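Before any comments, here is the structure.
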Amino acid sequence: MKRTYLLMPLILIFSVISIKLMAQNHSVARQWNDVLLAAIRGDLARPTVHARNLFQISAAMYDAWAIYDDQAATYLTGNSVNGFGCELNNFLPFSNVPLADQRKQAISYAAFRMLLHRFEFAPDRVEIRAMAEAKMQELGYDISITSTNYSTGSPAALGNYIAQCYINYGLQDGANEEFDYVNFYYEPVNDPLAPTSSGNALITDFNRWQPLALSVFIDQSGNVVSDGARDFLGAEWGNVMPFSLTNGDKSNFERDGDAYHVYRDPGSPPYIEDESSVQGQENDYRWNFELVSIWGSHLDPSDGVMWDISPASGGNIESLPTNLAEYRAFYNEREGGDPGQGHSVNPVTNLPYAPNIVPRGDYTRVLAEFWADGPASETPPGHWFTILNYVNDHPLLVKKFKGQGEILDDLEWDIKAYFLLGGAMHDAAITAWGIKGWYDYIRPISAIRAMASKGQSSDPNLPSYNAEQGITLKEGLIELVEAGDPLAGSSNEHVGKIKLYTWRGPDYIQNPEIDEAGVGWILADNWWPYQRPTFVTPPFAGYISGHSTFSRTAAVILAELTGSEFFPGGVGEFIAPKNEFLVFEEGPSVDVTLQWATYRDASDQTSLSRIWGGIHPPADDIPGRIIGEQLAPKVFEFAESYFQGIVTGIDDDDIPELSFGPNPVVNGEDFSIKLPERTYAIQLSFSSIDGSSILNSTIKASQNEVSLATAKLKGVFLVNLRGNNWKKVIKVVVR
64 MKRTYLLMPL ILIFSVISIK LMAQNHSVAR QWNDVLLAAI RGDLARPTVH ARNLFQISAA
124 MYDAWAIYDD QAATYLTGNS VNGFGCELNN FLPFSNVPLA DQRKQAISYA AFRMLLHRFE
184 FAPDRVEIRA MAEAKMQELG YDISITSTNY STGSPAALGN YIAQCYINYG LQDGANEEFD
244 YVNFYYEPVN DPLAPTSSGN ALITDFNRWQ PLALSVFIDQ SGNVVSDGAR DFLGAEWGNV
304 MPFSLTNGDK SNFERDGDAY HVYRDPGSPP YIEDESSVQG QENDYRWNFE LVSIWGSHLD
364 PSDGVMWDIS PASGGNIESL PTNLAEYRAF YNEREGGDPG QGHSVNPVTN LPYAPNIVPR
424 GDYTRVLAEF WADGPASETP PGHWFTILNY VNDHPLLVKK FKGQGEILDD LEWDIKAYFL
484 LGGAMHDAAI TAWGIKGWYD YIRPISAIRA MASKGQSSDP NLPSYNAEQG ITLKEGLIEL
544 VEAGDPLAGS SNEHVGKIKL YTWRGPDYIQ NPEIDEAGVG WILADNWWPY QRPTFVTPPF
604 AGYISGHSTF SRTAAVILAE LTGSEFFPGG VGEFIAPKNE FLVFEEGPSV DVTLQWATYR
664 DASDQTSLSR IWGGIHPPAD DIPGRIIGEQ LAPKVFEFAE SYFQGIVTGI DDDDIPELSF
724 GPNPVVNGED FSIKLPERTY AIQLSFSSID GSSILNSTIK ASQNEVSLAT AKLKGVFLVN
784 LRGNNWKKVI KVVVR
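Encoded structure:
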């Protein structure tokens, strides 16, 4: 039996987490996050859907925590988000029960109710429900309590109410949850490709996505989904309500009368008809997809190529390319890899990183399998939650927010970390899939087979010349089949066709326990990505890479959260045991230990894995990394404002800069708010946390400062400011 092990300086099982492992030492938020990740593994492998689940369930737990906090502002509960309101009036906690116990209970009921709702139709729904109910029983909570009447002070009712708010929000947030997230109007322009048949005769548009027709499709969670062509997952996901993204980030497009919303539009990918960005060389479309086939030749552990894969030799990329011409210097087309300089020393130990030399063909295959998540997948956004949980468990992590200030208790740290990462993964999914849906870009299996079926574009004096749509000939990698070639066929029927030196594909694997396909010459008509033959390629467009977008966004979030670019201890490690780790062929031939010094190094490795896996060309990869780099700081700043007690409307980019304080304020002192110059009045309301009004007033356009008296007040209060299409809610503590 093949088994998976993970080691990161100390041993940790990383891809499959036991729900009960160390539960007594974990916060209640972590325990429910473990249940959520296990539920995702038991559901269909839908990255968009589970990025949303990870965010909204984390946000519900955050709201349950924040209601009992003196400073933090809730996200949805008691507020309005994207035009959807969820009132919270007249809630006062029990006075005779410790607040910590009430908070833990409210978090649990919120998470429990949302889990039951979101995974009601999952393939493993019976097991998921039993697992969630077992967790409630373990915590000592009565699952028969379904009341949402929080006015009694009941934390169970409060948790149920919070869950119901998020359930109602989710039913109108644009995800189309009510109809199982299907597309309303998207239709593919190309007829399906059957990978088991040679060539790609049915394709009509070389720039657009093509569905795959499989006799059996097994998703990355191991579910047999259907036979026939798979629908595009999340083609209209740009319509989903975001976390921190604003209208200023959004471009609105229309195709066939239907709307496509694209956040952080990177512009179009390279098309087959485009001119080359490098004079005298093949155009960017050809170069990108040809590189994917060429990197398939790196999947042979017996080719004698050995690489040092330690942080001393890899990672630490100084900058990313900014245009298509620069891609050719960034990716090593023939040998593989990127320009990462490595790290001279581990900053924690002050010692050099030890060499870690393995066959390149083992490293590349393990990379492709590990970052794809394999069967029993928690999907890419969930994968980064498991990385976060490893970091949170590490004994060398000091839980100071952004590496500064006081050490946070485990619950506060987990709650804030999940809210941050969840919001980031949700916005990353909306951004990446909005781009995927609009640009509808082709995958390598379709492009490589399509170009090869048209012949070669290099030499008009050679057979099968097609300047417009043919593939580029490259000696030793992409050539023409000649008479006498073993691939020529018994009647020379394949002479003049394109052949590729690359991974040979699933036809060469009879028994995955002992066979490996290896690398060699194959007809380009039969090219496969390095994936299971029952999966082949994810069922959605390629541009931009979801893995690159999720991973770079998450990496930047983790670095900002922890206050360090580096993993705790200066290194993270994953062990792939010899002849056990790979799923659909034998291998690796030796134990392979993947290593990363920094979170960005792990992210960069993720991106390369998708090229070796045959899933993405560089054109899909780099825009995802750049967008993740840009998106994460905005997500972090937006989430942090809630931790500071500020609720900010996100529908308008012209929200004025406000200064206010002191906060907390001593009873009897004034709480002051300073406003910039403006041309409109602002509505102000000052109320207690239970909704009792203290003051309602209009701040004139000419008024730049207002003071609120706190005499005879004590506790937590809300200041609600409303301007032109914006609002801010400030939680004020009076002591």
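One gets the numbering used here by counting positions in the sequence shown from 1 and adding 63 to each. Glycine included, C-beta positions come from ideal geometry on N, C-alpha and C. Note that this is a predicted model, so its numbers are computed, not measured.
Please specify which runs of the alpha helix (DSSP H), each continuous and at least 4 residues long, are wholly inside the region 286–373, giving them in chain order. Counting only runs of 4 or more, we get 347–358.
Closer than 8 Å is the cut-off here; do at least three beta carbon pairs connect the region 582–591 with the region 648–665? Result no; under three Cβ-Cβ pairs closer than 8 Å.
Using the rule of at least 16 other Cβ atoms within 10 Å of the residue's Cβ for burial, across every protein chain shown, is G222 buried or exposed? Position 159 of the sequence shown, counted from the first residue, corresponds to residue 222. With 16 or more Cβ atoms within 10 Å of its Cβ, G222 is classed as buried.
Below 8 Å, can you find three or more Cβ-Cβ pairs linking the region 172–185 to the region 98–117? At 8 Å Cβ cutoff, the stretches touch.
Coil, strand or helix - P569 by DSSP: Sequence index remark: in the sequence shown, residue 569 carries index 506 (1-based). Residue state, collapsed to three classes: helix.
In angstroms, rounded to a whole number, what distance separates the CA positions of K560 and P523? In the sequence shown, the residue the question calls residue 560 occupies position 497. In the sequence shown, the residue the question calls residue 523 occupies position 460. Taking the straight line joining both Cα atoms gives about 15 Å.
Once DSSP output is grouped into helix, strand and coil, what is the label at K465? In the sequence shown, counting from the first residue as 1, residue 465 sits at position 402. Note: K465 maps to helix in three-state DSSP.
Do you know how far the Cα of G687 is from the Cα of F482? Within the sequence shown, numbered from 1, the residue matching residue 482 stands at position 419. Within the sequence shown, numbered from 1, the residue matching residue 687 stands at position 624. Those two C-alpha atoms are separated by around 22 Å.
Can a CB atom of chain C be found closer than 7 Å to the CB of N96? Going by chain labels, chain C is absent from the structure shown, which holds only one protein chain.
Assess contact between the region 679–694 and the region 594–611, defined as three or more Cβ pairs (one per stretch) separated by less than 8 Å. Is contact present? Two segments are said to touch when three or more pairs of C-beta atoms, one from each, lie closer than 8 Å; by this definition the region 679–694 touches the region 594–611.
Under 7 Å between the Cβ atoms of N263 and S520? To locate residue 263, count along the sequence shown from 1; it is residue 200. To locate residue 520, count along the sequence shown from 1; it is residue 457. No. Outside cutoff.
Cβ neighbours of Q165 in the same chain (closer than 7 Å, five flanking residues each side left out): Position 102 of the sequence shown, counted from the first residue, corresponds to residue 165. Cβ neighbours of Q165 within its own chain (closer than 7 Å, five residues either side excluded): Y131, P156, F157, P218.
Am I right that G650 and E579 are in contact with their C-beta atoms under 8 Å? What's the rounded C-beta distance? As a working mapping, residue 650 is identified with position 587 in the sequence shown. As a working mapping, residue 579 is identified with position 516 in the sequence shown. With a Cβ gap of about 6 Å, G650 and E579 count as contacting.
Using a Cβ distance threshold of 8 Å, determine whether the region 363–374 contacts the region 410–424, with at least three qualifying pairs required. By the Cβ test, the region 363–374 is in contact with the region 410–424, since at least three Cβ pairs between them sit closer than 8 Å.
Cβ distance (whole Å) where G301 is taken to contact G486 below 8 Å: Position 238 of the sequence shown, counted from the first residue, corresponds to residue 301. Position 423 of the sequence shown, counted from the first residue, corresponds to residue 486. With 8 Å as the limit, G301 and G486 do not qualify as a contact, their Cβ atoms being about 17 Å apart.
Enumerate, from N- to C-terminal direction, the unbroken alpha helix (DSSP H) stretches of 4 or more residues contained entirely within the region 186–229. Runs found: 188–202.
With which residues is Q746 paired in a DSSP beta bridge? Looking up residue 746 in the sequence shown gives position 683. Answer is T761, R785, bridged to Q746.
CB of R567 within 7 Å of CB of G552, strictly: Indexing the sequence shown from 1 puts residue 567 at position 504. Indexing the sequence shown from 1 puts residue 552 at position 489. Taking 7 Å as the cut-off, the Cβ atoms of R567 and G552 do not count as close.
DSSP bridge partner residues for G583 (one or two, in chain order): Walking along the sequence shown from the start, residue 583 turns up at place 520. Its beta-bridge partners are T565.
Residues bridged to R271 by DSSP? Counting from one through the sequence shown, the residue named residue 271 turns up at place 208. According to DSSP, residue pairing for R271 in a beta bridge involves Y504.
Closer than 7 Å by C-beta to Y213: which residues in its own chain qualify, once you throw out the five before and the five after it? Chain order, please. Walking along the sequence shown from the start, residue 213 turns up at place 150. Answer for Y213: F154, A220, L221, Y224, listed in chain order.
So L694 packs on R327, CB below 8 Å; how close in whole Å? In the sequence shown, residue 694 corresponds to position 631, counting from 1. In the sequence shown, residue 327 corresponds to position 264, counting from 1. About 7 Å separates the two Cβ atoms, so the contact holds.
So A292 and L275 are in contact, right, with Cβ under 8 Å, and what is the actual spacing, rounded? Along the sequence shown, read from residue 1 onward, the residue named residue 292 stands at position 229. Along the sequence shown, read from residue 1 onward, the residue named residue 275 stands at position 212. Their Cβ separation, rounded to whole angstroms, is 7 Å, which keeps A292 and L275 in contact under 8 Å.
Which stretch, first to last residue, makes up the beta strand (DSSP E) that contains E54? Since the first and last residues shown for the chain are 64 and 798, residue 54 lies out of range.
Which of helix, strand or coil does DSSP assign to W496? As a working mapping, residue 496 is identified with position 433 in the sequence shown. Three-state result, W496: helix.
Whole-angstrom C-beta distance between N409 and G633, which should lie under 8 Å: Position 570 of the sequence shown, counting from 1, holds the residue named residue 633. Position 346 of the sequence shown, counting from 1, holds the residue named residue 409. That pair is a contact at about 4 Å.
Whole angstroms is fine: what's the gap from T597's alpha carbon to I266's? Residue mapping note: residue 597 aligns to position 534 of the sequence shown, counting from 1. Residue mapping note: residue 266 aligns to position 203 of the sequence shown, counting from 1. Their backbone Cα atoms lie some 21 Å apart in a straight line.
Just verifying my parser: in three-state terms, what is the DSSP assignment at Q519? What you label residue 519 is simply residue 456 of the sequence shown in a count that begins at 1. It is a strand residue.
Which residue from M194, D548, S760 puts its Cα closest to that of L885? The chain is shown only over 64 to 798; residue 885 falls outside these bounds and no answer can be derived.
Enumerate in chain order the residues of its own chain whose CB-to-CB distance from A495 is below 7 Å, with the five nearest sequence positions on each side excluded. By 1-based counting over the sequence shown, the position of residue 495 is 432. Close CB contacts of A495 within its chain, under the 7 Å cut and outside five residues either way in sequence, are with I607, G609, T612, G687 (chain order).
Express the C-alpha separation of F295 and W272 in angstroms, rounding to a whole number. By one-based count along the sequence shown, residue 272 stands at place 209. By one-based count along the sequence shown, residue 295 stands at place 232. Cα to Cα, W272 sits roughly 9 Å from F295.
Tell me the DSSP secondary structure of L178 in three-state form. Against the sequence shown, residue 178 aligns to sequence position 115. Helix at L178.
Could you tell me the distance, in whole angstroms, from the CA atom of N159 to the CA atom of W128? As a first step, residue 159 must be located in the sequence shown, where it is residue number 96. As a first step, residue 128 must be located in the sequence shown, where it is residue number 65. Whole-angstrom Cα-Cα distance: 18 Å.
Are the beta-carbon atoms belonging to S307 and K697 less than 7 Å from one another? Residue numbering aside, residue 307 sits at position 244 when the sequence shown is read from its first letter. Residue numbering aside, residue 697 sits at position 634 when the sequence shown is read from its first letter. A contact, by the Cβ cut-off of 7 Å.
On a CA-only basis, which of I103, K775, I577, G216 is nearest A195? Give me that one, please. The residue labelled residue 195 in the question sits at position 132 within the sequence shown. Comparing Cα positions, the closest option is I103.
Report back the beta-carbon spacing between V461 and F629 to the nearest angstrom; my notes put them in contact at under 8 Å. Translated into the one-based positions of the sequence shown, residue 461 becomes position 398. Translated into the one-based positions of the sequence shown, residue 629 becomes position 566. That belief does not hold up - the Cβ atoms of V461 and F629 are roughly 13 Å apart, past 8 Å.
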